[in-house]
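Below you'll find the structure, written out as structure tokens, and then a few comments.
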Amino acid sequence: MTAAALAAMLPVPCGAASYPVSGAWGVSTSSAPGAVDCRNRRTIVFTGDRRHDSNGGAPDYRNVSVQAAGPSRYRIVDTFANALVSNPHTEFTLTQIDTDHIVLEMYGTTLALQRCK
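For the sequence shown, position 74 matches number 65 in my numbering, and the numbering has no gaps at all.
Structure (structure tokens):
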């Protein structure tokens, strides 16, 4: 087999997907429209293919994939740095309720978030 044929058989790395939302979001049970003051709240910040959680076990995540799972609902797979586990992944569902509210379902927990000011 030639080198070119072998190279063609290698998997092609794909770039990380971007999250379906961006910016800072704070934990909130309010259904009021508009952004909230996120001081003293747990926040999750989505920037391109990165997610930072102010209160998570691993504070910094990188997106691996985003898959539509219905209208405004997404199945997301992330990876994170961990010295104990090789290539760790976490999965969750993100539902965008409206422009100011999202819900994350992860590890059997539902987390309601509202856009930060």
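Where a beta carbon is used, it is the ideal one built from N, C-alpha and C, also for glycine.
All of these numbers come straight from a predicted model, not from anything done at the bench.
Of the listed residues the options, nearest to residue i (C-alpha basis)
| i | options | result |
| --- | --- | --- |
| Ala59 | Asp51, Val68 and Arg53 | Val68 |
| Phe71 | Asp91, Leu95, Met97 and His43 | His43 |
| Ala15 | Tyr98, Ile93 and Thr101 | Ile93 |
| Arg111 | Leu95, Lys108, Ala23 and Ser19 | For residue 111 there is no data in the structure shown, the boundaries of the chain being -8 and 108. |
| Ala180 | Thr20, Leu75 and Gln87 | The question about residue 180 has no answer, for the chain in this structure spans -8 to 108. |
| Leu102 | Ser13, Pro11, Pro79 and Val18 | Val18 |
| Asp89 | Ala8, Ala23 and Asp28 | Ala23 |
| Thr38 | Ala8, Thr81 and Asn31 | Ala8 |
Beta-bridge partners of residue i, as assigned by DSSP
| i | result |
| --- | --- |
| Arg41 | Thr38 and Arg53 |
| Cys107 | Val27 |
| Tyr65 | Ala59 and Leu85 |
| Gly17 | Thr34 and Gln105 |
Beta carbon of residue i nearer than 9 Å to that of residue j
| i | j | result |
| --- | --- | --- |
| Asn54 | Arg41 | yes |
| Val12 | Lys108 | no |
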